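Working notes, beginning with the structure itself.
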Amino acid sequence: MEFENPMLDLLPPPGTKVAVGMSGGVDSSMAVWLLKQRGCEVIGLTMSLWNNQFPLQDTGVKGCFGPGEEQEIEMAKSVAKRLEIPFHVIPLADEYNEAVLEYFRQEYLAGRTPNPCVRCNRTIKFGFLIERAEKAGIPFDYFATGHYARVHFDPMQNRYLLLRGIDLEKDQSYFLAMLQQEQLKKIVFPLGNLTKSQIRRLAQNAGFPELAEQSESQDFLESNKYDVLFREEEVKEGDIVDEKGHILGKHHGIVHYTIGQRKGLGIGGAGEPYYVIGLDPKNNRVIVGRKPALLKQAMRVIDCNWVSIPNAPNTPMKIRCKIRLRHEPASAQLEKVDEYGKIVRVTFDEPQSAITPGQTAVFYNNDIVLGAGTIDSVEK
3 MEFENPMLDL LPPPGTKVAV GMSGGVDSSM AVWLLKQRGC EVIGLTMSLW
53 NNQFPLQDTG VKGCFGPGEE QEIEMAKSVA KRLEIPFHVI PLADEYNEAV
103 LEYFRQEYLA GRTPNPCVRC NRTIKFGFLI ERAEKAGIPF DYFATGHYAR
153 VHFDPMQNRY LLLRGIDLEK DQSYFLAMLQ QEQLKKIVFP LGNLTKSQIR
203 RLAQNAGFPE LAEQSESQDF LESNKYDVLF REEEVKEGDI VDEKGHILGK
253 HHGIVHYTIG QRKGLGIGGA GEPYYVIGLD PKNNRVIVGR KPALLKQAMR
303 VIDCNWVSIP NAPNTPMKIR CKIRLRHEPA SAQLEKVDEY GKIVRVTFDE
353 PQSAITPGQT AVFYNNDIVL GAGTIDSVEK
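Following this line, the structure appears as structure tokens:
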């Protein structure tokens, strides 16, 4: 299956009412600016997620969830005022706690490494935020964000396609791969045909030099430790063992570990370093091995969401698969396991390092996001 990849015009017609999810950063702010220049009627929306539930301290880490939210809301409000658009704050703390934070906690306790950003995009940012804004009587035809991705309608399939952003270094289609057709048809990504450097220059020229120089690194949580999300009784000490079950040391709770981790094991010594190669929540064990043990060639992916195609292909298909954010999509074969297309098996042409249960696997055909799912297990 091949699709053309033209330089698409990603902005709606002048006069269209567009709500923009704003964070106060350069990307969402320039999305507003571009839409204003187009002649659209723009409304700014910002989510309020922080609920003081967890004892987060100021560690200097920027994150989506934490007490620093108040400052980000003020920044977004200030940008909206300068660009002369209406601005609304939508409270979603309860929804975020249930759909993202509790999911995150339960996945870690089960020995998996979740992807909260993928979950948040599908359920909160492109879900409850739009729903609550509409219920509040805020009128808009489309919803836009500052993501580096593209949406294209394919009349041959009568289907919306999700594509990678032109700037492959900043492409964020990985985080959006669990979106559905009903969501895509209302979404606009104004930055999809632009590069990050172009956006920074645009901010300078548009009179927002402070945004152009803004640091862009942001984590899920305003903390460099996730243990604040867990109760003391949930984080229990256990054994660190090798592949044969020999005890090599002690860990301080499996929630602190992920596949491929090398630092913080406390079992140094002569020879090659150890890496986390498995987590055993049932027996509260962290399993370690040498670097070659991280290489696996196949995996089972569950809860698949098909974005740009109606369902999983009925016959094996060559794809490129991305197993985490900082992973170059690798050549693989995808095979449907169940009749509904919710479970697939992915076999890579070459073994991949640190395939991690709980992470999102995204399936590509060139720039097109075919679908995605959650890595359930790995095979040799």
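Quick note on numbering: the sequence shown equals residues 3 to 382 in this note's numbering. Just so it is clear, CB atoms sit at the ideal spot from N, CA and C, and this is done for glycine as well. All of these numbers come straight from a predicted model, not from anything done at the bench.
{"query": "Exposure label - Met-158; buried when at least 16 CB within 10 Å", "result": "exposed"}
{"query": "Three CB pairs or more closer than 8 Å across the region 348 to 358 and the region 292 to 299", "result": "yes"}
{"query": "Between the CA atoms of Arg-152 and Gly-383 - distance to the nearest angstrom", "result": "Nothing about residue 383 can be read from this structure; the chain reaches only from 3 to 382."}
{"query": "For Leu-360, the residue or residues it bridges with in DSSP", "result": "A small correction: the amino acid at residue 360 is Gly; Leu does not occupy that position in the sequence shown. In the DSSP output, where bridge partners are listed per residue, Gly-360 has none listed."}
{"query": "DSSP bridge partner residues for Met-319 (one or two, in chain order)", "result": "Leu-336"}
{"query": "Top-ranked residue by Cα proximity to Tyr-259, from Gln-39, Ile-249, Asp-241, Val-120", "result": "Asp-241"}
{"query": "C-alpha distance - Glu-235 paired with Met-180, whole-angstrom precision", "result": "33 Å"}
{"query": "Among Ser-333, Lys-382, Val-339, the one whose alpha carbon lies nearest that of Phe-365", "result": "Ser-333"}
{"query": "Coarse secondary structure for Ala-214, derived from DSSP in three states", "result": "helix"}
{"query": "Residue environment, Gln-73, which counts as buried when at least 16 other CB atoms sit within 10 Å", "result": "exposed"}
{"query": "Three CB pairs or more closer than 8 Å across the region 124 to 138 and the region 332 to 347", "result": "no"}
{"query": "In chain order, each alpha helix (DSSP H) run of at least 4 residues that lies wholly inside the region 172 to 211", "result": "175 to 178, 183 to 186, 198 to 207"}
{"query": "Spatial distance of Lys-83 from Glu-171 (CA atoms)", "result": "31 Å"}
{"query": "Contact check, Phe-210 vs Val-20, beta carbons under 7 Å", "result": "no"}
{"query": "Nearest-angstrom beta carbon gap, Phe-155 and Tyr-144 [assumed within contact, 8 Å]", "result": "Contact doesn't hold; Cβ gap of about 13 Å is too wide."}
{"query": "Inter-residue Cα distance where the pair is Ile-256 and Glu-239", "result": "8 Å"}
{"query": "Own chain partners of Tyr-105 with C-beta closer than 7 Å, once the 5 adjacent residues on each side are dropped", "result": "Pro-116, Arg-121"}
{"query": "Three-state secondary structure assigned by DSSP to Asn-285", "result": "coil"}
{"query": "Residues bridged to Pro-93 (per DSSP)", "result": "Ser-50"}
{"query": "Ile-279 versus Lys-324: straight-line alpha-carbon distance, rounded", "result": "19 Å"}
{"query": "Rounded distance between the beta-carbons of Pro-283 and Gly-113, thought under 8 Å", "result": "4 Å"}
{"query": "Status (buried if at least 16 other CB within 10 Å, exposed otherwise) for Ile-377", "result": "buried"}
{"query": "Cβ-based neighbour list, Ile-201, same chain, cut-off 7 Å, excluding 5 preceding and 5 following", "result": "Val-28, Asp-29, Met-32, Leu-193"}
{"query": "Per-residue DSSP class, three states only, for Met-3", "result": "A caution first: Met-3 carries a pLDDT of 38, below 50, which makes its placement in the model unreliable, though a value can still be read off. Correct three-state label for Met-3: coil."}
{"query": "Tyr-259 - DSSP class collapsed to helix/strand/coil", "result": "coil"}
{"query": "Enclosing alpha helix (DSSP H) for Cys-122 [first to last residue]", "result": "118 to 122"}
{"query": "Per DSSP, the bridge partner or partners of Gly-280", "result": "Ile-289"}
{"query": "DSSP beta-bridge partners of Lys-324", "result": "Val-364"}
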